[in-house]
Amino acid sequence: MAVQDLPELSPSEMRRFGRHLVLPEFGLERQRRLKAGSVLLVGAGGLGSPTALYLAAAGVGRIGLVDPDVVEETNLQRQIAHGHSTLGRQKTESAAQRMRDLNPDVVVERHDVFLTVENALEIIAGYDVVVDGTDNFPTRYLVNDACAKLGKPNVFGGVLRFDGQVSVFDASRGPCYRCVFPEPPPSELAPNCAEAGVLGVLPGVIGALQATEAIKLLSGLGEPLIGRLLVYDGLDLSFQTVDLMKASGCPCCSGRPEDIVLRETRMVCSAPTVGGSLSADELQTRLDAGEPILLLDVRNPPEWAGGTIPGALQLSKPDIDQAVQAVLHEGAAREGTSLAAIPRDRDVVVYCQSGMRSSAVIRELVAAGYEASRLLNLDRGFSAWVGRNT
Amino acid sequence: MATVYLPSSLRRYVDQRSTIAVPGETVSAVLTNLAATAQGLHCHLFAADKLRSFVFVSKNGQDIRLLNGLETPVESGDQIRILSSIAGG
Ligand SMILES: [Zn+2]
Chain B
378 MAVQDLPELS
388 PSEMRRFGRH
398 LVLPEFGLER
408 QRRLKAGSVL
418 LVGAGGLGSP
428 TALYLAAAGV
438 GRIGLVDPDV
448 VEETNLQRQI
458 AHGHSTLGRQ
468 KTESAAQRMR
478 DLNPDVVVER
488 HDVFLTVENA
498 LEIIAGYDVV
508 VDGTDNFPTR
518 YLVNDACAKL
528 GKPNVFGGVL
538 RFDGQVSVFD
548 ASRGPCYRCV
558 FPEPPPSELA
568 PNCAEAGVLG
578 VLPGVIGALQ
588 ATEAIKLLSG
598 LGEPLIGRLL
608 VYDGLDLSFQ
618 TVDLMKASGC
628 PCCSGRPEDI
638 VLRETRMVCS
648 APTVGGSLSA
658 DELQTRLDAG
668 EPILLLDVRN
678 PPEWAGGTIP
688 GALQLSKPDI
698 DQAVQAVLHE
708 GAAREGTSLA
718 AIPRDRDVVV
728 YCQSGMRSSA
738 VIRELVAAGY
748 EASRLLNLDR
758 GFSAWVGRNT
Chain X
14 MATVYLPSSL
24 RRYVDQRSTI
34 AVPGETVSAV
44 LTNLAATAQG
54 LHCHLFAADK
64 LRSFVFVSKN
74 GQDIRLLNGL
84 ETPVESGDQI
94 RILSSIAGG
């Protein structure tokens, strides 16, 4: 945008952004570029919280938030845009409230939806820069492909345990996410933060770096992190950058952008098969009839402490992941692992909180030799059971 | 000996160390030697002897595909970094 077309700053904006304006490298013009600019944050959770707050505070004119979830207590260990006062509210609404408190002039656009193959292009097309702060591989690949197709820079950030990664994927100027990681890992090798844990401050570190890159891209300041991956190690407290290559055979960006077709990425276990499923009502009926079902609760100890279905065997998904890995890839005997507690000659009803982790566990168990017909996923998990019994 | 750096998710195979010295004249030999010392690590790195598509390896700060891939020569003191894709947010 030509300088004369950039929006003017109001007197209150001049005061609020004074610390930017005194930076000779930044100055009034770049501040006006931020005001003219727009950023889409995909995910308003661990990474999205600090980016949303810092980008609003910095004076970005318009910020879109994509997140279908509501604020839960377990979020508050790291998702600092939310709070106890907004428990149960939409995350986009909760974050928007804090953002407007920091900068009353910011325009916040809420998208309370999952980003999907159907809606991704339409939503992303409306913004200058995309910040990927999602919590799952399928959405990351979707964000990457849609950005490459639309020619939008994608400020990528990922966290797990104590490790973080940041890059700017701009397929028109450098590699994309698929150039570096062509496919997601199989689910038994890819725990998410709920399963593997995350140090609460880690998304703060990585999200703040993503916000830095978004501000640089919008204002034209400095050198964007294109073609480089920044690797953060919270245990060693080290930052390293590695040079990335644009892959000539990249399944996303090696052809013409207009030919990129968005596809749903499915997380698969090494042997994809699924068992059946049953509802909380059906489970109650079968338990009432005295059927010898084994209930398998694959949530984590803190979740077990909050209540469980009486008589359930408690084996967390990370424990099962490790046992399945040992059986599949390390030649361990099933009986020598925690899988020994899961019988093969009875129906096993597997449940987690929502039904997602348990369906992944079922795929893994099938890969480890269990009969798919004996494994049943409890639809919508413990949440549905609690809903039925309250 | 090259110095191999592992992400925290793989350190349980090497007594929770972040770096480990491994012999080998190529990246492929270094990774194979590393996998041989730690049962379970092999499946994280290789599928049918090819580097898995979610594992990224760099030598001295460069994607090994910018060099000569798994056949990239390794000299004493080189830094080999293994990264896994992570999706948490
Ligand atoms: Zn690419």
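Here the protein sequences line up with chains B and X, keeping their order.
Note that the working numbering gives residue 452 to position 75 of the first sequence, counting from 1, and the numbers run on in steps of one.
Note that the working numbering gives residue 30 to position 17 of the second sequence, counting from 1, and the numbers run on in steps of one.
Using N, Cα and C, we set each Cβ at its ideal position, and we do this for glycine too.
(1) Mapping DSSP to helix, strand and coil, what is Thr589(B)?
(2) So is Pro86(X) in contact with chain B if we call contact Cβ pairs under 8 Å?
(3) Under 7 Å Cβ to Cβ from Gly746(B), same chain only, skipping five residues before and after it: list those, please.
(4) If you measure from the beta carbon of Arg740(B) to each beta carbon in chain X, is any gap under 8 Å?
(5) Quick one: what's Tyr728(B) bridged to in DSSP?
(6) State the Cα-Cα distance for the pair Ala571(B) and Leu400(B), rounded to the nearest angstrom.
(7) Nearest to Gly551(B) by alpha carbon, out of Pro628(B), Pro580(B), Ile603(B), Arg640(B)?
(8) Leaving out the 5 sequence neighbours to the left and right, which residues in its chain are closer than 7 Å to Ala588(B) when beta-carbon positions are compared?
(9) Compute the distance between the beta-carbons of Leu479(B) and Ala413(B), then report whether it is under 8 Å.
(10) Rounded to whole angstroms, what is the Cα-Cα separation between Val545(B) and Thr493(B)?
(11) For Pro649(B), collect the residues of the same chain with a Cβ closer than 7 Å to its Cβ; drop the 5 residues on either side in sequence, then sort them by chain order.
(12) In chain order, what residues place their C-beta within less than 5 Å of a heavy atom belonging to ligand 1?
(13) Looking at Gly541(B) and Leu579(B), is the spacing between their C-beta atoms short of 8 Å?
(14) Starting from the C-beta of Ala585(B), find all residues in its chain whose C-beta is less than 7 Å away, skip the five residues before and the five after it, and write them out in chain order.
(15) For a contact defined as C-beta to C-beta under 7 Å, what are the partners of Pro20(X) on chain B?
(16) Give a yes or no on whether 8 Å exceeds the smallest Cβ distance from Pro649(B) to chain X.
(17) Could you tell me the distance, in whole angstroms, from the CA atom of Val575(B) to the CA atom of Ala15(X)?
(18) Which value, in whole angstroms, describes the spacing of the CA atoms of Gly632(B) and Pro530(B)?
(19) For a test of the three-state rule: what should DSSP assign to Ala709(B), helix, strand or coil?
(20) Considering only the alpha carbon of each residue, which of Pro515(B), Thr451(B), Leu621(B) lies closest to Gly74(X)?
(21) Taking 8 Å as the CB-CB cut-off, is Asp620(B) touching chain X?
(22) What residues in its chain sit with their C-beta under 7 Å from that of Ala379(B), if we drop five residues either side in the sequence?
(23) Measure the alpha-carbon distance for Ala761(B) versus Leu672(B) and round it to whole angstroms.
(24) Can you tell me which of the three DSSP states Thr85(X) falls into?
(25) Taking only the alpha-carbon atoms, compute the straight-line gap between Asp698(B) and Arg477(B) and give it to the nearest angstrom.
(26) What span of residues does the alpha helix (DSSP H) with Ile544(B) cover, start to end?
(27) What's the C-alpha gap between Tyr554(B) and Tyr518(B)?
(28) Could you compute how far the alpha carbon of Ala472(B) sits from the alpha carbon of Ile440(B)?
(29) Going along chain B, which residues have a C-beta under 9 Å from Leu79(X)?
(30) Quick one, which of Tyr609(B), Asn677(B), Lys694(B), Ala525(B) has its alpha-carbon nearest Cys627(B)'s?
(31) Once the 5 residues before and after Leu23(X) are set aside, which same chain residues still bring their CB inside 8 Å of it?
(32) Could you give the DSSP three-state label for Val801(B): helix, strand or coil?
(33) Along the chain, where does the beta strand (DSSP E) containing Lys412(B) start, and where does it finish?
(34) In or out: Arg643(B) buried (at least 16 other Cβ within 10 Å) or exposed?
(35) For a test of the three-state rule: what should DSSP assign to Val380(B), helix, strand or coil?
(36) Within 10 angstroms of its Cβ, does Asp665(B) collect 16 or more other Cβ (buried), or is it exposed?
With the structure as the only source:
(1) Looking at Thr589(B) - three-state DSSP - the assignment turns out to be helix.
(2) no
(3) Arg711
(4) no
(5) Asp674(B), per the DSSP bridge assignment.
(6) 41 Å
(7) Ile603(B)
(8) So the qualifying residues of the chain are Pro427, Thr428, Tyr431, Leu432.
(9) No. Outside cutoff.
(10) 22 Å
(11) Unreliable positioning characterises Pro649(B) in this predicted model, as indicated by a pLDDT of 43, which lies under 50. The coordinate reading is nonetheless provided below. Result list for Pro649(B): Arg740, in chain order.
(12) Cys553(B), Arg555(B), Cys556(B), Cys627(B), Cys629(B), Cys630(B)
(13) Yes, the pair counts as a contact, with Cβ atoms nearer than the cut-off.
(14) Pro427, Tyr431
(15) Asp540
(16) Caution is warranted here: a pLDDT of 43 is assigned to Pro649(B), below 50, making its placement in the model unreliable, and the coordinate value is therefore given only provisionally. With respect to chain X, the C-beta atom of Pro649(B) has no partner C-beta closer than 8 Å.
(17) 30 Å
(18) Rounded to whole angstroms, the separation of the alpha carbons of Pro530(B) and Gly632(B) is 17 Å.
(19) coil
(20) Leu621(B)
(21) yes
(22) none
(23) 15 Å
(24) coil
(25) Computed Cα separation, rounded: 42 Å.
(26) According to the sequence displayed, residue 544(B) carries Ser and not Ile. Run containing Ser544(B): none in the alpha helix (DSSP H); it sits in the beta strand (DSSP E), 540-546.
(27) 7 Å
(28) Whole-angstrom Cα-Cα distance: 11 Å.
(29) Asp620, Leu621, Met622
(30) Ala525(B)
(31) Excluding positions up to five away in sequence, the list reads Leu54, His57, Ile95, Ser97.
(32) Outside the modelled stretch of chain B, which goes from 378 to 767, sits residue 801(B), for which no answer is possible.
(33) Unbroken run through Lys412(B) is the alpha helix (DSSP H), 404-413; no beta strand (DSSP E).
(34) exposed
(35) helix
(36) exposed
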